[in-house]
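All you need for our numbering is the position in the sequence shown, starting with 1, plus 450.
Notes follow once the structure below has been shown.
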Amino acid sequence: MQILDELYSGKAKTVYKTSDPDRLVLKFRDDTSAFDGQKIEKLARKGMVNNLTNAYIMRHLEQAGIPTHFEGLLSDTESVVKRLEMIPVECVVRNIASGSMCRRLGVQDGIDLMPPTFEFFLKNDALHDPMVNEYHIRSFGWATDDEVAVMKRLSFEVNDVLKQRFLESDILLVDFKLEFGRFGGELVLGDEFTADGCRLWDVNTREKLDKDRFRQGLGGVVEAYEAVAARLGIDLAPGQAGA
Ligand code: ADP
Ligand code: UDP
């Protein structure tokens, strides 16, 4: 399989076409952004750490029966994935209140949400990813009712699997964002699952181990991502591709 021209360059990854029309290469860059791209920095090693962490999580989800786009590692910063027709909504699951939910609803940061809650957002930086509901998704034709049901079911399954996996490593999975896309007749999990798109807290100290360190200027961003990888048992030594 040959890597061809760039299809899209986003805030953190560049997507390349390949000689296989059904496969893409995702290159995880060191670029880190927050506040819809208003704060941007390059953080050394982040691309590598996120690529390898994402590979671990996607394989773990596949083993648990959740369909994903992940096919394999190509290099320390690149992965081969199925080419999906992306659904332009973000699915957010929350186990603990934090971030935009607290600002929006005036609830206290850190309270447990039982049962976990779910929100859809429109993927649109210019509009600051507004929250949308299932009626918007239906009226604007972003996804069918069946697809909405599958996205919710798979998001909660991902939550069950990963909440447990992170807890085994003394990490609380506070919340996370997923993106889905169509492949053949099936909806599969796309994009990435890394500390860039979720909140992870140490179970004992509640220290933040995710992108909030960057958003809030706490420092030690990549060091925290590396600590998460180490706790999950991911080998970050160079040359993991093909492993
Ligand atoms: P953003 O677009 O939010 O700035 P990224 O820099 O992560 O984000 O860019 C990656 C882009 O690739 C995203 O728009 C994402 O929806 C898209 N994408 C992720 N996985 C796939 C896939 N398997 N097929 C097609 N597009 C994908
Ligand atoms: N998130 C994301 N991309 C987005 C918006 C949110 O990955 O464009 C993740 C974010 O990292 C957090 C969860 O989704 O883990 C919920 O984010 P929230 O709505 O609290 O927004 P934020 O605090 O980022 O404004």
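Idealized CB from N, CA, C, for every residue including glycine.
Quantities reported herein were computed from a predicted structural model and do not represent experimental measurements.
Taking one beta carbon from each stretch, the stretch 463–479 and the stretch 647–656 have fewer than 3 pairs nearer than 8 angstroms; the two do not touch. Going by DSSP, Arg544 is part of the beta strand (DSSP E) stretching over Val539 to Ile546. Taking C-alpha positions only, Ile684 is separated from Tyr506 by approximately 7 angstroms.
By DSSP's assignment, Trp651 forms a beta bridge with Leu622 and Lys658. Ranked by how close their Cα comes to the Cα of Glu512, the residues Ile621, Glu607, Met564 and Gly689 have Glu607 in first place. Per DSSP, reduced to three states, the secondary structure at Thr527 is coil, with no helix or strand assignment.
In the DSSP assignment, the residues bridged to Glu636 are Phe633. When the beta-carbon positions are compared, Leu454 and Thr464 stay at least 9 angstroms from each other. Measuring C-alpha to C-alpha distances from Ile621 to each of Ile587, Ala680, Glu528 and Phe570 identifies Ala680 as the nearest. Within the model, the alpha-carbon separation for Val611 versus Leu617 is close to 10 angstroms. Here Ser483 carries a strand assignment [DSSP, helix/strand/coil]. Bounds of the alpha helix (DSSP H) holding Met498 are Lys496 to Gln513. For Leu682, the enclosing alpha helix (DSSP H) starts and ends at Val671 to Leu682.
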